[in-house]
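Note that the working numbering has the sequence shown beginning at 6, numbered continuously upward. Heads up, the beta-carbon is just placed ideally off N, CA and C, and yes, glycines get one too. Below: one structure, written as structure tokens.
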Amino acid sequence: MQPEGLLIVISAPSGAGKTTLCRGLTQRFPALQESISYTTRKPRAGEQDGVDYHFVSESVFRHMVAEHAFIEWAEVHGNLYGTALATIEAARQKGVDILLDIDCQGARSLKQRGVDGLFVFVVPPSMAELRHRLESRSSDTSEVIERRIVRATEEIRESRWYDYIVINDRLDEAQDLLAAIVTAARATTGRMLARVGKMFDI
Ligand code: ADP
Ligand code: 5GP
């Protein structure tokens, strides 16, 4: 019997390096599927519809909310973001591990509803470094960066109820830690027992 796929939820304050770490994780685990969220945010330069996000209007998004199409959704930095229930169900049925890059509100709503997932929070090594990363990414105005810095402290407070915390200081070390967390989660007794039972006829 094949165990259900893992649901890996990763949150972090903007600029902590979550996108970079998630990219590294999917390179290391090519079978890992990234959940593509729906958002009302406008695409940034280089972003593609259906690849980075499903970019939709607010009315389409609200319609999906009314139809219960989302397993979770939230307003982040003035835009709406949501994870489609269908995406998660399809991955679980196929036994594929799926990665959700979502904010704390969305993650909390999944955790509170008892969704069986691996909840990982990524923090930067310091606020000064967070600012530096946001500025060096140069995709946001200084006003947006200030808003993200203020929000970061509130978000880091949320790290207390996640299953794991990864400090993204040296990228290679953070990447190794994240991979180790995923590898360990694949070997929990709950996931392995049915297979062991079959192997040894117990
Ligand atoms: P997020 O997705 O959390 O907003 P990004 O992955 O876009 O963050 O990273 C923000 C910036 O910081 C990017 O320019 C990225 O290259 C850089 N960065 C990410 N991780 C590290 C790290 N460990 N050390 C130095 N720079 C990093
Ligand atoms: P960005 O606009 O920079 O891509 O993402 C902004 C924030 O929205 C990030 O914290 C990201 O994790 C979060 N986010 C992206 N997709 C979803 C989603 O489907 N649900 C929730 N709750 N947050 C999301």
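Item                                                                                                                                                    : Value
From residue 72 to residue 65, what distance separates their C-alpha atoms?                                                                             : 11 Å
So, using beta-carbon positions, are residue 173 and residue 30 closer together than 8 Å?                                                               : no
Cβ of residue 146 within 7 Å of any heavy atom in ligand 1?                                                                                             : no
At 4 residues or longer, and completely inside the region 105-190: list those alpha helix (DSSP H) runs for me, N to C.                                 : 109-117, 132-142, 147-162 and 176-190
With a threshold of 16 other CB atoms inside 10 Å of the CB of residue 99, please say whether the residue is buried or exposed.                         : exposed
Quick check: the Cα distance between residue 151 and residue 46, rounded to an integer number of angstroms?                                             : 19 Å
Is there at least one non-hydrogen atom of ligand 1 closer than 7 Å to the beta-carbon of residue 138?                                                  : yes
With 16 other CB atoms within 10 Å as the buried threshold, where does residue 48 fall?                                                                 : exposed
Quick test of the definition: if touching needs 3 or more C-beta pairs under 8 Å, does the region 34-41 touch the region 118-136?                       : no
Answer yes or no: the CB of residue 158 versus the heavy atoms of ligand 2, is any distance below 7 Å?                                                  : no
For the structure I just gave you, are there three or more beta carbon pairs, one from the region 52-61 and one from the region 11-21, closer than 8 Å? : no
Alpha carbons only, please: which of 81, 183, 15 and 76 is nearest the one belonging to residue 33?                                                     : 183
Do residue 167 and residue 125 have their C-beta atoms closer together than 8 Å?                                                                        : yes
Can you look up residue 38 in the DSSP assignment and give me helix, strand or coil?                                                                    : strand
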